[in-house]
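Below is one structure; the comments refer to it alone.
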Amino acid sequence: MKSILFAPLALALSLTACGRADGEALDATAEPREATSVWRAQLTDGSDGRDWPAFGRTYGEQHYSPLDQVNADTVKRLGLAWSYDLPVGNPATGPIEIDGILYFASGYSIVHAIDVRSGKLLWQYDPKAPEASGHKLRQGWGSRGIAYWNGKVYTGTQDGRLIAIDAKSGKPVWTAQTMGKDDYRFISGPPRVFDGMVVIGNGGADEAAIRGYATAYDAETGAQKWRFYTVPGNPANGFEDKAMEMAAKTWFGEWWKHGGGGTVWNAITYDEESDTLLLGTGNGSPWNRKIRSAGKGDNLFLCSIVAVDAKTGAYKWHYQINPGESWDFNAAMDMQLADLTIDGKLRKVVMTAPKNGFFYVIDRTNGKLISAKPFVTTTWAKNIDLKTGRPVEIANVRYENGPVTFRPTPVGAHSWVPMAFSPQSGLTYIPAIDLEVTFDDSGITAKNWKRTGGMALDYGVRPDIRVPAGATVLSYLVAWNPVTQKEAWRIPTPGHFNSGVMATGGGLVFQGHPDSRFNAYDAKTGKTLWDFDARAPIVAPPISYWVDGTQYVTVIAGMGTSAGLFGPLMTKFGIDYRTQARRVLTFALDGKGTLPPKTPYTPTAPADPDFRPDAAAAKAGEGIFNQRCAVCHGGGAVAGGVAPDLRTSGVILSAETLTAILHDGMLVSNGMPQFEELSAKDRENIRHYMRTRADDLRNGRP
Ligand code: CA
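All residue numbers for the sequence shown refer to this note's numbering, where the first residue is 600 and numbers rise by one.
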């Protein structure tokens, strides 16, 4: 399973000697303290970068390492120190590093500890999440990241457990169940720790009647400290706090029956200075406000940054990015803290590049908007009014008078993969996405809409997401100046999705790509300074840290999460669920490791001589497929590498095998959910749709 490609000890020694001889001493701020464990201080923004102890390295989530041994001059010597092969499963996950040990969760939250010096596995802990998940397995893709505090590693699981694991032994210390066992929530984002507490939210508002919240637990014991709801519940039951009472004034109809949404599925940032936790909330449930809230109201705190007292969870302030959210726009993309000089004044800000395409700079002491400008083509609003903080929306943007087309889309101008802010260059590096969408809810009314049920995608509106006419580039790495709200540079990136970014004190920006390239760019100009063939697609954010006088860079390669949804846009990269490599890649100067060649892949459908086209069955099957299967197996049954491409699967030739999988849950432990409520006819229709798409593949039809 594992390959050590190179002797790390010898490397470390030679690097130390070499570094000194070359006069490449670290500057004062990056001088590592080697003697004692300094993990706690490492979480503070501005710490020296010895460790990468949290998802975004520090509380402020900048995804920035001040280390500069690897820099514009030396990066050409950057090579593979070691690699570690991972089994089939989601690898799109952010690692952390503390005191020479790399921790990460791959697949369904299988936590690994690896000795950085040797590249050897120290322990592995499998919480058996698929088996525990039930219906919760139907959406989501496993871990995106983990957290660390005082000798414990924290992981969330698909089934909603928050588990503290002893960092030395790999044994669980405590487990908290963060949601109802049988509701339709699931854990989607990395837990965050701050000052002895660990906080976690969840996802689910795209597919069920879910009310969002985040919960804080004692990091030592797992005892619940507080829970903050992001949208109000049924007023008849009373409100949990004043914030919910206030929020309820912005909701109409019987919103609580639809859950409301506003899940904290990804972004959580801690402001140490003011002991404030910032929660980024998601879309409404369902997306269509006509159904959700009688077509009116701001619907607090959907699509908002909500600041709460970190000790108590009490509301402090909020900024709502999209009042009356209706398009799966989210404020759940990462939020980064920085102190910026704007108009001659030092401002304490939080910055975010949410799905809606505007880059927001907000005063984090009071939630007042400072500035907002679009970082990609953005046509749903003319601008953001700085006086009111509200968007100036285009006519009919809520599709109240027929279909409306605009950019960006529910995929987001920026998704969950983190951007990076470099205090050195003063620039934010955004993995941006440029697609177009038409929204249409004709025929759907608040009265006639009924949820599909059983945790299926159902928005109360039809979004048609596509490539803008004439567009050849669908994503960019955008370097953005948050002070001037102007672009410094941009480079086209391959594919429609975009991958996690890290900036460093060496004047570099690291990013991987679906075409298997792992690059370092000049932070000032975007010029490619280093280009590594990772022989596997990369989605995950890279990290960097310091062990024994050596700066390491680690990234986990392999396709995962929602990046595979638009399979047809991924086919040119030849990424297959079964054959792609999934690998921890760790780099250092003068690393000499090599990788085995990439397995070439061309999708091939099995022979199906009994196939007889039946358009009605295929259409019925497609409807079910899009709501329940496409999220992993890809739109049009063209998979992007996150799950098997069913056009190529022998399973579709056998009704019995498909029944064993869908009805009986034969592959649950692999992460394939059970859909026991589907009738024999439903299953046969899905099978016919997949056979139709296999027939298209055999005959060269798109
Ligand atoms: Ca969503």
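No residue lacks a Cβ here, since even glycine has one placed at the ideal position from N, Cα and C.
What you are looking at is a predicted structure, and each value in this text was computed from that prediction instead of being measured.
For the 8 angstroms CB-CB criterion, Phe1172 and Asp1114 form a contact. Inclusion of Val710 and Gly800 in the CB contact set at 8 angstroms is not warranted, their separation being larger than that value. By the neighbour-count definition (other C-beta atoms within 10 Å, threshold 16), Thr1044 is an exposed residue. Linking Tyr1075 to Gly1104 through their CA atoms gives a straight-line distance of about 22 angstroms.
Annotated three-state conformation of Asp933 is coil, per DSSP. When only Cα atoms are considered, Lys1197 and Val1152 end up about 22 angstroms apart. For Trp1088, the enclosing beta strand (DSSP E) covers residues 1085-1092.
Shown here, Arg1297 sits in a helix according to DSSP, grouped into three states.
By the C-beta density criterion, Ser664 is buried, having at least 16 other C-beta atoms within 10 angstroms. Burial of Asp1033 is indicated by the presence of at least 16 other C-beta atoms within 10 angstroms of its C-beta. Checking the 7 angstroms criterion, the Cβ of Gly788 is out of range of every heavy atom belonging to ligand 1. Assigned with DSSP and collapsed to three states, Asn982 falls in strand. Residue environment for Glu1255: exposed (fewer than 16 other C-beta atoms within 10 angstroms of its C-beta). Per DSSP, reduced to three states, the secondary structure at Asn801 is coil, with no helix or strand assignment.
Beta bridge pairing from DSSP links Pro1030 with Leu1076.
The alpha-carbon of Gly1069 is positioned some 20 angstroms away from that of Pro1062.
Taking a C-beta distance under 8 angstroms as the contact criterion, Arg891 and Gly879 do not qualify as a contact pair. If you check the C-beta of Gly881 against ligand 1, you find a heavy atom less than 7 angstroms away. Using a Cβ distance threshold of 8 angstroms, Arg676 and Leu1194 do not count as a contacting pair. One alpha carbon belongs to Thr911, the other to Pro953, and they sit about 27 angstroms apart. Beta-bridge partners of Leu1107 (DSSP): Thr1103, Asp1121. Shortest Cα-Cα distance from Thr657 to any of Gly1159, Ile993, Val792, Val1077 involves Val792. Pairing Ala775 with Gln757 gives a Cβ-Cβ distance that is not under 8 angstroms.
Remark: the shortest separation between the CB of Asp1057 and any heavy atom of ligand 1 does not fall under 7 angstroms. The criterion of a C-beta distance shorter than 8 angstroms is satisfied by Asp765 and Lys751.
Counting only runs that start and end inside the region 667-700, the beta strand (DSSP E) elements of at least 3 residues fall at 677-684, 695-697.
Bounds of the alpha helix (DSSP H) holding Phe1224 are 1214-1227. DSSP lists Asn1118 as the beta-bridge partner residues of Asp1130.
Less than 8 angstroms separates the beta-carbon of Arg1181 from that of Ala1156. Under a 10 Å Cβ-count criterion, Gly861 is classified as buried, with 16 or more other Cβ atoms of the shown protein chains found around its own Cβ.
Here DSSP, grouped into helix, strand and coil, assigns Ser732 to helix.
Gly1192 and Leu679 have their C-alpha atoms spaced approximately 5 angstroms apart. The beta carbon of Asn929 sits closer than 7 angstroms to at least one heavy atom of ligand 1.
Ligand 1 never approaches Asp933 closely enough for any of its heavy atoms to be under 7 angstroms from the residue's Cβ.
By the C-beta density criterion, Thr987 is exposed, having fewer than 16 other C-beta atoms within 10 angstroms. A direct Cα-to-Cα measurement between Gly718 and Gly706 gives close to 19 angstroms.
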